[in-house]
Amino acid sequence: MDQKKNRDIHSRHIHRRTFLKGAALGLASMALPFGTADASVWEAFFQKHYREMSADDKRDVILRMEKEYAKAYDTKFNIKTTKPTPGVNFGYGLDVSRCIGCRRCVYACVNENNQSRDPQMHWITVLEFKKGERWVNVFEEAKKHYNPETVPEEGHFYLPVQCQQCENPPCVKVCPTQATWKEPDGIVVVDYNWCIGCRYCMAACPYGARRFNWAKPRVSKEELNPETHYLGNRPRYKGVVEKCTFCIQRTRENPGRYPACVEICPVGARKFGNLLDPKSEIRYCIENKRVFRLKEDLNTLPQFYYFFAS
Amino acid sequence: MKELSGHIRENIAGSNRIFYVYCFILLVIAVVGLSQAVKSLAFGHGHSTMSDMVPWGMYISGLAFFIGCSAGATMVGLLIHGFGREDYHPVGTRAILLALLSIFGAMNCVMMDVGNPFRAMKIPFLLRNETSMFFISSSSYMGFMTILGAELFMTIKITRGKASSRDKLLAKLLAIVAVPYALVVVHSFTGTIFGVVKAREMWNTPLLPIHFVTSALASGFALVILVTVITSWIHNKELVSMDTFNHMGFLLLFFLIATVFIDVFDYIILSYSATEEGMETWHLLTGRYLVTFLINMGGLFSALTIVAFKKGRTPRGLLYATSITLLAIVAYRINIISVGQLVPLYPELGELEYIPNIHEVAPFIGLVALLMFIYAVLTKVLPLEDKVHASHT
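Line by line, the protein sequences are chains A and B. Heads up, this note's numbering is the position in the first sequence plus 603, with the first residue counted as 1. Heads up, this note's numbering is the position in the second sequence plus 1003, with the first residue counted as 1.
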């Protein structure tokens, strides 16, 4: 009887090495995606950082993504990886005296950049201010969504806000994974395949310019823009952060195109160009108008200038 | 190993029905609560009340609270090994377990909060940004877990009388190393996550890392005392002597004074702020968040008053003082995260709102239940100092 009891105990005894092996395998399996764990999931999981990818790596990644997107959206996508042009540093100007608050820029941006329609996402927010009032006095009566019959409303002015593409961006410093960085042409970009969705960049952004995909973004097939850039308007995933990229898929082309918001503005309030080109319109505005930048005291050095032309 | 597994089996066999019922209830709460976290994992945080303007919610408050609770073990370890206070020995293993579970809880809060938890597991191995306080602090948690795990292993060895003199020296070294590591690396950098954010008036202060250290010591040590008192009552015998309870109360008093000192002057300066953001922060604290503000400050002052008197440093007094302390620190964590973000970045964004809903509260309660379940099982099966001592005598 005693022998039988001893044998039972021994049969249940796990050796330390076996236990450690099992525990290591178990922990490793927890760290890996499961469910649809086909080859592309693994490739995506162990994908290199965009800035460390060789031309071949980029080609493979783009091919994989184009396939994935084609399957998910039933549309053929073209994902570009156009590099920044040397000698270019993009800057943006906004004439506050001209803006009428029509929000055409908001929806042009949505259409161009494949922003989610459900839940709705806007990279540009247009703020309505009462003329002559100090900010501190309007806390209690401020309206988040102004909706008058016609714009501009009497006695008001408008201030569209989007990513300020700071020269000293707090969002880049705080990102734990380097999923967001500043490109040589001044655009702050996000790699949606590296973002862990911690939203530290959103908490750190003084301009409230970043958006999080709280649920799976939805864009219908008819509304999709298939001309995309890896760092810009390619379809995003649930749980990642996104933001304005100065329409990187347009502005980095040769010849470059204006961002969608600049193109659509009916009153010409939006200016865009190369800050390093002394003959550019944006340089003219900066040198000849009364320009200001938002929250200059924070030393984020936005490349987004507001001015009053008249 | 064989002896340890025998000990585990013996303890499980010796458990009464109440223990099993208690564990079953905790497990049910954990499963129900955490199923909401699985839902978030599958469908995103869309059903929560967090928003683009208030990107951090209850989980980040939970992270800050749980990390703070892990400080208790380092203090107990230092008292035993650094200052030779052998009277703290009966709570040594329990304190380490509490710290390990607190960090486990904190890391789970992060995992429940992020949009891509599987990708986040690559930190710090494949994903890293050395300028990010989030990266530094989350990496430091792994180091802290390793130190505490090694400390636990050594403490169990010592308790079972199997430790060599080299093991004892190693245990001493670990306990001493854990203190600067916890205070300088873990808690300070957790505070720095918020302190470096210039965009948020309430966060952007060099006082925050120091405050996180003092409040961590207060909440961590309060948790150890609370568990000691409750365990003593459950087992119907004092786990430590009355002198030790008195000493514990004294230490808690010291940590509370440090926390209150920083809090009071921080709030006085904030109340005089002339910036719009500063005024709005104060307006929120004394308006919509007055209840949590009062629980925080009132709780700290009440707990401080209780432990300031010798009568308050008895098990009953400590039960009240530590419970109030923990509640006050929870309120502080809620305030710092919520109020910090509720000041609009632009006034025209209007009044921001954040009240966690059931989809956020349920996983949090589930996590707490899971931690309590693991603690109950581990304290049952592990050879703790008080049990081994009792079986020898």
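Note that beta-carbon positions come from the ideal geometry of N, C-alpha and C, so glycine has one too. Just so it is clear, the structure is predicted and the values come from calculations on it, not from any experiment.
Does lysine 785(A) come within less than 9 angstroms of chain B when only Cβ atoms are used?
Counting from one through the first sequence, the residue named residue 785(A) turns up at place 182. Not closer than 9 angstroms to any Cβ of chain B, the Cβ of lysine 785(A) fails to qualify, so no.
I want to see whether chain A comes within less than 9 angstroms of histidine 1214(B), judged by CB atoms only; does it?
Reading the second sequence from its first residue, position 211 is the one you call residue 1214(B). Contact of histidine 1214(B) with chain A is not assigned, every C-beta pair being separated by 9 angstroms or more.
Starting from valine 729(A), trace the beta strand (DSSP E) in both directions and tell me its first and last residue.
Against the first sequence, residue 729(A) aligns to sequence position 126. It spans 728-733 - the beta strand (DSSP E) in which valine 729(A) sits, taken as one unbroken run.
With DSSP as the reference, identify every bridge partner of histidine 759(A), one or two as the case may be.
In the first sequence, residue 759(A) corresponds to position 156, counting from 1. Beta bridge pairing from DSSP links histidine 759(A) with Lys733(A).
In three-state DSSP terms, what is asparagine 740(A)?
The count along the first sequence starts at 1 and reaches residue 740(A) at position 137. At asparagine 740(A) the pLDDT is 45, less than 50, meaning the model places this residue with poor confidence; the figure from the coordinates comes in the next sentence. Judged by DSSP in its simplified three-state form, asparagine 740(A) adopts helix.
Within 9 angstroms of any Cβ in chain A, is that where the Cβ of serine 1191(B) sits?
By 1-based counting over the second sequence, the position of residue 1191(B) is 188. False, the Cβ-Cβ gap to chain A never drops below 9 angstroms.
On the DSSP bridge list, what partners appear for glutamine 723(A)?
Here residue 723(A) refers to the residue found at position 120 of the first sequence. According to DSSP, glutamine 723(A) shares a beta bridge with Arg720(A).
Same chain only: Cβ atoms within 6 angstroms of lysine 819(A), ignoring 5 sequence neighbours per side
Position 216 of the first sequence, counted from the start, is the residue given in the question as residue 819(A). Closer than 6 angstroms at the Cβ level, and outside the excluded window around lysine 819(A), lie Lys841.
Pick out whichever of Arg813(A), Asn857(A) and Glu884(A) has its Cα sitting closest to the Cα of valine 865(A).
Taking the first sequence and counting its residues from 1, one reaches residue 865(A) at position 262. Across the set Arg813(A), Asn857(A) and Glu884(A), the C-alpha of Glu884(A) shows the shortest separation from the C-alpha of valine 865(A).
Closer than 9 angstroms to chain B by CB, glutamate 743(A)
The residue given as residue 743(A) occupies position 140 in the first sequence. The pLDDT assigned to glutamate 743(A) is 44, lower than 50, so where the model puts this residue is not dependable; a value taken from the coordinates is nonetheless given after this. Answer yes: the Cβ-Cβ gap between glutamate 743(A) and chain B drops below 9 angstroms somewhere.
With DSSP run on the structure shown, which of helix, strand or coil describes arginine 873(A)?
Here the question's residue 873(A) lines up with position 270 in the first sequence. It is a strand residue.
Would leucine 1303(B) count as contacting chain A if we go by Cβ distances under 9 angstroms?
Translated into the one-based positions of the second sequence, residue 1303(B) becomes position 300. The beta carbon of leucine 1303(B) does not come within 9 angstroms of any beta carbon belonging to chain A, so the residue lies off that interface.
Same chain, Cβ closer than 6 angstroms to tyrosine 909(A), five either side skipped, listed in chain order:
Taking the first residue of the first sequence as 1, we reach residue 909(A) at position 306. Non-local beta-carbon contacts of tyrosine 909(A) in its own chain, meaning distances under 6 angstroms to residues more than five positions away in sequence, involve Leu697, Val699 and Phe895 in chain order.
Identify which residue in Met805(A), Leu834(A) and Pro722(A) has its Cα closest to the Cα of valine 791(A).
Position 188 of the first sequence, counting from 1, holds the residue named residue 791(A). Nearest option by C-alpha distance: Leu834(A).
Pop quiz: threonine 1325(B) and alanine 1225(B) are said to be a contact at Cβ under 8 angstroms. What is the actual Cβ separation, rounded to whole angstroms?
For the purposes of this step, residue 1325(B) is taken as the residue at position 322 of the second sequence. For the purposes of this step, residue 1225(B) is taken as the residue at position 222 of the second sequence. The C-beta distance from threonine 1325(B) to alanine 1225(B) rounds to 4 angstroms, short enough to meet the 8 angstroms contact threshold.
Contact list for lysine 819(A) against chain B, beta-carbon separation under 7 angstroms:
Against the first sequence, residue 819(A) aligns to sequence position 216. In chain order: Gly1047.
Is there at least one Cβ from chain A nearer than 9 angstroms to phenylalanine 1027(B)'s Cβ?
Within the second sequence, numbered from 1, the residue matching residue 1027(B) stands at position 24. With its beta carbon at least 9 angstroms from every one in chain A, phenylalanine 1027(B) lies outside the interface.
Of all Cβ atoms in chain B, is any one closer than 9 angstroms to the Cβ of proline 905(A)?
Indexing the first sequence from 1 puts residue 905(A) at position 302. Not one chain B Cβ lies under 9 angstroms of proline 905(A).
Local conformation of arginine 1020(B) per DSSP, three classes
By one-based count along the second sequence, residue 1020(B) stands at place 17. DSSP places arginine 1020(B) in the helix class (H, G or I) of the three-state scheme.
Helix, strand or coil at leucine 1385(B) [DSSP, three-state]:
The sequence position of residue 1385(B) within the second sequence is 382, counting from 1. Note: leucine 1385(B) maps to coil in three-state DSSP.
Cα separation between threonine 678(A) and glutamate 669(A)?
Taking the first sequence and counting its residues from 1, one reaches residue 678(A) at position 75. Taking the first sequence and counting its residues from 1, one reaches residue 669(A) at position 66. Computed Cα separation, rounded: 9 angstroms.
Bridge partner(s) assigned by DSSP for asparagine 681(A):
Locating residue 681(A) in the first sequence gives position 78, counting from the first residue. Glu830(A), per the DSSP bridge assignment.
Nearest to valine 1034(B) by alpha carbon, out of Leu1373(B), Phe1304(B) and Ala1379(B)?
What you label residue 1034(B) is simply residue 31 of the second sequence in a count that begins at 1. The shortest CA-to-CA distance from valine 1034(B) to any of Leu1373(B), Phe1304(B) and Ala1379(B) is the one to Leu1373(B).
Counting only beta-carbon atoms, is phenylalanine 1138(B) nearer than 9 angstroms to chain A?
Counting from 1 along the second sequence, the entry for residue 1138(B) is found at position 135. Yes, its Cβ sits closer than 9 angstroms to a Cβ of chain A.
For a contact meaning CB atoms closer than 8 angstroms, what does asparagine 816(A) contact in chain B?
Here residue 816(A) corresponds to residue number 213 of the first sequence, with the count starting at 1. Under the 8 angstroms cutoff, chain B gives Gly1047 and Gly1118.
Would you say glutamine 1039(B) faces chain A, with C-beta separation under 9 angstroms as the test?
By 1-based counting over the second sequence, the position of residue 1039(B) is 36. Interface flag for glutamine 1039(B) against chain A is unset, since no Cβ pair is found closer than 9 angstroms.
For a contact meaning CB atoms closer than 9 angstroms, what does valine 793(A) contact in chain B?
As a first step, residue 793(A) is located in the first sequence; it is residue number 190 there, counting from the start. Correct list: empty, because the minimum Cβ distance to chain B is about 12 angstroms.
For threonine 1096(B) versus leucine 1186(B), is the C-beta spacing smaller than 9 angstroms?
As a position in the second sequence, residue 1096(B) is number 93, starting the count at 1. As a position in the second sequence, residue 1186(B) is number 183, starting the count at 1. Annotated as distal: threonine 1096(B) and leucine 1186(B), with beta-carbon spacing of 9 angstroms or more.
So with Cβ pairs under 9 angstroms, would you call valine 1113(B) a contact of chain A?
Looking up residue 1113(B) in the second sequence gives position 110. By this cut-off, valine 1113(B) is an interface position.
Under the rule that 16 or more other beta-carbon atoms within 10 Å means buried, what is glutamine 1344(B), buried or exposed?
Mapped onto the second sequence, residue 1344(B) falls at position 341. Glutamine 1344(B) counts as buried, since at least 16 other C-beta atoms from the protein chains shown sit within 10 angstroms of its C-beta.
May I have the straight-line CA-CA distance separating asparagine 1132(B) from aspartate 788(A), to the nearest angstrom?
For this step, residue 1132(B) is matched to residue 129 along the second sequence. For this step, residue 788(A) is matched to residue 185 along the first sequence. A straight line joining the alpha-carbon of asparagine 1132(B) with that of aspartate 788(A) spans about 22 angstroms.
Minimum Cβ-Cβ distance from phenylalanine 849(A) to chain B less than 9 angstroms:
On the first sequence, position 246 is the one that residue 849(A) refers to. Taking CB atoms only, phenylalanine 849(A) has no neighbour in chain B less than 9 angstroms away.
What are the residues in the segment 857-878 of chain A lying within 8 angstroms of chain B by C-beta distance?
Per Cβ criterion, the list is empty.
With 16 other Cβ atoms within 10 Å as the buried cut-off, status of tyrosine 1349(B):
Translated into the one-based positions of the second sequence, residue 1349(B) becomes position 346. It counts as buried.
Any C-beta of chain B under 9 angstroms from that of lysine 734(A):
The residue given as residue 734(A) occupies position 131 in the first sequence. Not one chain B Cβ lies under 9 angstroms of lysine 734(A).
Threonine 1295(B) and isoleucine 1337(B) - do their beta-carbons sit closer together than 9 angstroms?
As a first step, residue 1337(B) must be located in the second sequence, where it is residue number 334. As a first step, residue 1295(B) must be located in the second sequence, where it is residue number 292. When the beta-carbon positions are compared, isoleucine 1337(B) and threonine 1295(B) come within less than 9 angstroms of each other.
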